[in-house]
Amino acid sequence: MAESVESENDVGFLTAIFNEIVYNPLNLFLVVVISILAYKIFRNTTQPKTAQAAPVEPTLPRLRRDFAVQELKQYDGNQPDGRILVAVNGNVYDVTKGKRFYGPGGPYAAFGGRDASRGLATFSVTSNDNNEYDDLSDLNTMEMDSVREWEMQFKERYILVGKLLKPGEQPTNYSDEDDEGPSDKSTEKPKEE
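For the sequence shown, the numbering used here gives the first residue as 123, with consecutive numbering after it.
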């Protein structure tokens, strides 16, 4: 007998909830909205994502050479091919794939076509219009550590193009086989026996 009373209470309780939802327009509206949202969420998680036609970026030929500060300036993303190069701690990287950051109008556009080491070390995103090589000798230890951390991030994300030449330094001759990094062979002196 106790079971029949409990089952009648359960049925009465469920009926009361159903009646409250159906006969109250606000509750009915909320149930419809929740149902639509649940459907959209479920539909988005079960349907495979269709490939949206993203604009295909033209593939630029790989650039492999060293740059003087003046030569680097022409690769700021404003030239017809749109290539963007950034120097960090003496190495030059092709950051064209990150043009939304380093290209014209990007938050780090001041670094495009320039040596960004000092700006990254001091957390200053201002254009360095200095046409001279910056040896960073006046930076403190913490700032140099910051530059090295940024350099590691650039090494992971972007293609190394070459190095930033110091005044009077000769460019390295990169061969087609050398894809790993700058060749030290041209700067080594042969050992005399």
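The beta carbon of each residue, even a glycine, is placed where N, CA and C say it ideally should be.
With fewer than 16 other CB atoms across the displayed protein chains lying within 10 angstroms of its CB, Ser297 is exposed. A buried status is given to Ile206, since no fewer than 16 other beta-carbon atoms sit within 10 Å of its beta-carbon. Looking at the DSSP output, Tyr215 shares a beta bridge with Val208, Leu282. For Glu273, the closest alpha carbon among the candidates Glu291, Asn211, Val217, Gly241 is that of Asn211. Taking all protein chains shown into account, Ser246 has fewer than 16 neighbouring C-beta atoms within 10 Å of its C-beta and is therefore exposed.
Closest in alpha carbon position to Lys219, among Leu152, Asn146, Ile281, Val153, is Ile281.
DSSP places Arg236 within a strand segment (E or B) once states are collapsed to three. The C-beta distance from Phe189 to Val214 rounds to 5 Å, short enough to fall under 8 Å. Between Met266 and Ala243, the alpha-carbon positions lie close to 6 Å from each other. Burial is judged here by how many other beta carbons sit within 10 angstroms of a residue's own beta carbon; Asp198 has at least 16 and is buried. The residues Val191, Lys288, Pro289, in chain order, have a CB closer than 6 Å to that of Tyr255 in the same chain once the five nearest residues on each side in sequence are set aside. Leu185 and Lys162 have their C-alpha atoms spaced approximately 46 Å apart.
Only residues of its own chain outside the window of five on either side were considered, and among them Asn149, Leu150, Val153 have a CB closer than 7 Å to the CB of Ile143, listed in chain order.
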